[in-house]
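Contents: one structure, followed by commentary.
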Amino acid sequence: MLKLHELINFIFEEIPSVYLIVGSTVLFLFMGTMAFIVRTKAAKRPISPKRIILPPLFMSTGALMFIFEEFRVPWPQVIESVFVGMLFSIVLIKTTNFEKKDGKLYVKKSRAFLIILFSLLLVRFVAKLILSSSIDVGELGGMFWILAFGMIVPWRIGMLVKYFKLRNAY
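Here the sequence shown stands for residues 1 to 170, numbered as in the working numbering.
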């Protein structure tokens, strides 16, 4: 039986990197579209601290990829990825607001979110095309995971702060 590590080695050694880049880009565009759909549906339900905190916790399981050598990122790139993620989070923090309806708090629908989401997808796509020629595909995947995690954690902390301020104001 093929072990997971052997499968990952097979993928990165036998499949041309162009296919991995195209495949991961298509998958990322699909996931971005799904994120937009989920966000749109979530705006119809009241927000709670649990619903704010859980996404980064669920995403944190992705850190298990770093068990495998192919995904490990050197420390300078880790710091760069976290920094870029935190910069992107500022835009999300500023544009995520709440509104009170029927005594409950809801995430306010924002056209800016769609623009921001697709802008981030475009930036990621262009960066991937540029960086994939000089950085290994697995390492690049690790960098983008770190960037995304570095973005979602401050964003969700900012949401939590706004949530408690608004909830305590009522």
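Where a beta carbon is used, it is the ideal one built from N, C-alpha and C, also for glycine.
LYS104 is bridged by DSSP to LYS101. Residue burial annotation: TRP155 is buried, with at least 16 other C-beta atoms found within 10 angstroms of its C-beta.
Sorting MET31, GLU70, ILE90, MET151 by C-alpha distance to the C-alpha of LEU7 places GLU70 at the top. Of the candidates PHE98, ARG72, LEU122, MET86, LEU122 places its Cα closest to the Cα of LEU29. Between GLY150 and VAL82, the C-beta spacing is below 9 angstroms. In this model, LYS104 and LYS162 are separated by some 14 angstroms (Cα to Cα). Rounded to the nearest whole angstrom, the CA to CA distance from LYS100 to PRO55 is 22 angstroms.
Straight-line spacing of the CA atoms in ILE37 and VAL26 works out to 17 angstroms. Using a Cβ distance threshold of 9 angstroms, GLY142 and SER24 do not count as a contacting pair.
For MET59, the enclosing alpha helix (DSSP H) stretches over residues 49 to 60.
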